[in-house]
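Participant: Counting from 1, position 102 in the sequence shown corresponds to residue 105 in our numbering; the numbering is continuous, with no gaps. One structure follows; several queries about it will come next.
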Amino acid sequence: MRVRLWPASGPGLVAAGTDGLSVSQVNRAGGAERSLSLSPSPPAVLSSKDRVNFRYRGEQERVESCLTDKELYFKKLSKRKKQAMEKNGNNRKLRVCVATCNRADYSKLAPIMFGIKTEPEFFELDVVVLGSHLIDDYGNTYRMIEQDDFDINTRLHTIVRGEDEAAMVESVGLALVKLPDVLNRLKPDIMIVHGDRFDALALATSAALMNIRILHIEGGEVSGTIDDSIRHAITKLAHYHVCCTRSAEQHLISMCEDHDRILLAGCPSYDKLLSAKNKDYMSIIRMWLGSKEMVRVMRKKGIEHHPNFRAVKHVPFDQFIQLVAHAGCMIGNSSCGVREVGAFGTPVINLGTRQIGRETGENVLHVRDADTQDKILQALHLQFGKQYPCSKIYGDGNAVPRILKFLKSIDLQEPLQKKFCFPPVKENISQDIDHILETLSALAVDLGGTNLRVAIVSMKGEIVKKYTQFNPKTYEERINLILQMCVEAAAEAVKLNCRILGVGISTGGRVNPQEGIVLHSTKLIQEWNSVDLRTPLSDTLHLPVWVDNDGNCAAMAERKFGQGKGLENFVTLITGTGIGGGIIHQHELIHGSSFCAAELGHLVVSLDGPDCSCGSHGCIEAYASGMALQREAKKLHDEDLLLVEGMSVPKDEAVGALHLIQAAKLGNAKAQSILRTAGTALGLGVVNILHTMNPSLVILSGVLASHYIHIVKDVIRQQALSSVQDVDVVVSDLVDPALLGAASMVLDYTTRRIH
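Written as structure tokens, this is what we have:
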């Protein structure tokens, strides 16, 4: 709507915006005139390339040198997306539905529609018209679509008359009722929706629910009213996005939209602005200021009776370009004043807060509370007749080619369901069963002769965190240290989002696992007989506690995490400081009637063998344990028969099994003989196991296993019955079987209700 205001002198014209109050002043033959517009007018389009001087690409090169790290990041993302677009392509025509609701969005969509129409080999275009296009009060602007030689496929009357919010809601509902039939008939591959109008929300909702891909134009912008909510709602429904500014692109990415589906193209209307010819704008001004049409608002306010006002329902877009390009000032709350008018440098007064969040050029002056203290008049005095630099914010005139290329890159074979790029979230506790199983964990304790170790072990057998301390000599110090380390580990588990199910303890000696009591331990762990480990730990941590022999724990570790997984019968032999083991029979661990089963280190292989720590003679442990090898190494060293060329033992270092092994590798014949005897004794023990238990697998574990494996296999070939010679003997691939076995007790028992 445009109305005459008051006589005035001076050059220029104040032009109207798209959907708000506007004032215009025009030079005419015989006098000057100002006019006030109270209803929507079309958005401005640039009148002349010479006037705009819009050097977009050159400006980009100049600015690039001062880009921040964040801006460089988005630049790299854009380059990656461009490369992906160039690789993509469709094998058939893309059926595109462009839906336009009013003359404002048509000014943005028309350049795209013209571009689509010029490439019939790639696209099929359907045009749907609804909303205020079909309302007489707004000038029946669907006619300008017909005048642009577009075939309107469907006209939908969706506006419910009324001036309140309820009418807007009813209009959305009416559109939602009518659109499904249209979309079912057209079956478009993609629907192009513009902006932030309630009509556009109805379009996007219908298309999304009917599994039609949506391309949203001008998402990511901020204006400061309910329009923001509608615009961002459409963004969440849309599959692809064309934005006008770098800031809008960043907003879309912050809203978790996939950057590969965002195109920074600029505003499509700028393509027409920069290609418009500079016509005789005075004749256009005279023609429109001579119009006698009035709209409801002027009648309601009685303004039509004032001699200095004129109002019009609609100005054709090309002509509106000339009005805006030569205006002395634009006033209103339309996005046109903030966006398109900046391309001319025409002064703008933005009323209220509707566009307060948008990016603007120097030409825009905001008057937020315009109804007090004559602020509008003061703003007019400041703005009228000025000429500002042309804004370079919203585009460079090449948006449409970019959009068409983007459309061609859409792969219709890709899944329709859109994905959101959410940032990582710490400590996200899910109720999904897979996540629960991943976070289920155990506290594992390994009570060794030298070190006391506590670890957090996950359901997958991963040691999340491990703590190691020297094992104290007395009972009181030892039990206090175990409690302290377990409390610290349990507190750390909370920070690591590990759900501790219980505590498992692996210890040397004979253990009653039913009561959690160490009946008597090895000589390496002093003051550790008839020790109740379950009660103090359970009382302190309020968790269930399991205790078992270290050999049994090694077998359980192999059953859950190692080479015994899934096997019904197998035996594990530990070759460490001592010799231990565990037996799995019919998937269950064998403890024996007095918890003494699988004392495999004390199988006798020679009646006149060396003394064993158990008080007997000729046990496997007396030959093949780390203690036995250390004993033999010391004898050789005392006789100066251990060291060979290429090795030495520092004076402050005790001679041990590893020195014997090193000497054997370097050719020491006596060391080689000792290792061969030890391996043979172990091999004979394995033969006895094969003849007694007939397992399907024997697993050698511990630091000495790899040095014995070949000798053991030779003994089996020479000594075992033919029926068991095919039983495989392997070296364990578990890094820490004692801790993993302790953890497996907890994880197996506590999760049986889940599996």
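Idealized CB from N, CA, C, for every residue including glycine. In this text, all values refer to a predicted model and were calculated from it rather than measured experimentally.
Determine contact between the stretch 186-194 and the stretch 207-227, defined as no fewer than three beta-carbon pairs at a distance below 8 Å.
Facilitator: yes
Participant: Is the Cβ-Cβ distance between I155 and S135 less than 8 Å?
Facilitator: no
Participant: List the residues that DSSP assigns as beta-bridge partners of W549.
Facilitator: G507
Participant: Return the CA-CA distance between D414 and I233, expressed in angstroms with no decimal places.
Facilitator: 28 Å
Participant: With the cut-off set at 8 Å, would you say V749 and V506 are in Cβ contact?
Facilitator: yes
Participant: Where DSSP assigns a beta bridge to H309, which residues make up the other side?
Facilitator: H309 is not bridged to any residue.
Participant: Apart from the five residues just before and just after E179, which ones in its own chain have a Cβ nearer than 8 Å to its Cβ?
Facilitator: In the sequence as displayed, the identity of residue 179 is Leu instead of Glu. Around L179: A205, T208, S209.
Participant: Could you tell me which residues DSSP puts in a beta bridge with T575?
Facilitator: G585, I702
Participant: In the DSSP assignment, find the alpha helix (DSSP H) that holds K469 and state where it starts and stops.
Facilitator: Taken as a continuous stretch (DSSP letters only), K469 belongs to no alpha helix (DSSP H), being part of the beta strand (DSSP E) at 466-473.
Participant: Look at the alpha carbon of H594 and the alpha carbon of A600, and state the distance between them as a whole number of angstroms.
Facilitator: 5 Å
Participant: Can you tell which of D399, Q358, Q381 has the C-alpha that lies nearest to the C-alpha of A346?
Facilitator: D399
Participant: Starting from A251, follow the alpha helix (DSSP H) in both directions and report where the run begins and ends.
Facilitator: 249-257
Participant: Thinking C-alpha only, which one of G659, C617, N143 is nearest K637?
Facilitator: The shortest C-alpha separation from K637 is found at G659.
Participant: Let me know the secondary structure DSSP gives D321 once reduced to three states.
Facilitator: In the structure shown, D321 sits in a helix (DSSP, three-state: H, G or I).
Participant: Give the range of the beta strand (DSSP E) segment to which Y109 is assigned.
Facilitator: Membership of Y109 in any beta strand (DSSP E) is not indicated; the residue belongs instead to the alpha helix (DSSP H) covering 106-120.
Participant: Taking 7 Å as the limit between beta carbons, can you name the residues of its chain near L644, skipping five residues before and five after?
Facilitator: K673
Participant: Judging by CA-CA distance, which residue of R405, G348, S597, S394 is the nearest neighbour of P114?
Facilitator: Answer by Cα proximity: R405.
Participant: Could you give the DSSP three-state label for V715: helix, strand or coil?
Facilitator: helix
Participant: For C259, count the other beta carbons within 10 Å of its own beta carbon; 16 or more makes it buried, fewer makes it exposed. Which is it?
Facilitator: exposed
Participant: Thinking C-beta only, is A492 closer than 8 Å to Y470?
Facilitator: Closer than 8 Å, so yes.
Participant: Using alpha carbons as the reference points, say which of V734, P740, V448, P653 lies closest to Q487.
Facilitator: V448
Participant: Starting from the Cα of W531, find the closest Cα among Y145, I520, G388 and give me that residue.
Facilitator: Considering only alpha carbons, the answer is I520.
Participant: Identify, in the order they occur along the chain, each residue of the same chain with its Cβ nearer than 6 Å to the Cβ of C332, setting aside the five sequence neighbours on each side.
Facilitator: Answer for C332: V17, P350, Q386, F387, listed in chain order.
Participant: Within 10 angstroms of the Cβ of T580, are there 16 or more other Cβ atoms? Answer buried if so, exposed if not.
Facilitator: Counting other Cβ atoms within 10 Å of its Cβ, T580 reaches 16 or more and is therefore classed as buried.
Participant: Can you tell me the Cα-Cα spacing of L687 and H710, whole angstroms?
Facilitator: Across the structure, L687 and H710 are spaced so that their CA atoms are roughly 16 Å apart.
Participant: Just the C-alpha distance for L276 and K498, rounded to the nearest angstrom, thanks.
Facilitator: 59 Å
Participant: Please state whether DSSP places M147 in a helix, a strand or coil.
Facilitator: helix
Participant: Alpha carbon to alpha carbon, how far is Q253 from V734?
Facilitator: Distance between the alpha carbons of Q253 and V734 is about 56 Å.
Participant: If I follow the unbroken beta strand (DSSP E) through N691, where does it start and stop?
Facilitator: Counting along the chain, N691 falls outside any beta strand (DSSP E), though it belongs to the alpha helix (DSSP H) covering 672-696.
Participant: Hey, could you find the ends of the beta strand (DSSP E) A447 is sitting in?
Facilitator: 443-450
Participant: What residue range is occupied by the uninterrupted beta strand (DSSP E) comprising A330?
Facilitator: 330-335
Participant: What is the rounded straight-line gap between the Cα of H244 and the Cα of Y397?
Facilitator: Straight-line Cα distance between these residues: approximately 15 Å.
Participant: Using alpha carbons as the reference points, say which of F323, T363, N353 lies closest to R342.
Facilitator: T363
Participant: Out of V701, P698, A627, point me to the one whose CA is closest to S676's CA.
Facilitator: A627
Participant: Considering only their Cβ atoms, is the gap separating L212 from K181 smaller than 8 Å?
Facilitator: no
Participant: Taking the CB atoms as reference points, tell me whether K361 and S226 lie closer together than 8 Å.
Facilitator: The question names Lys, but residue 361 in the sequence shown is Arg. Taking 8 Å as the Cβ cut-off, R361 and S226 qualify as a contacting pair.
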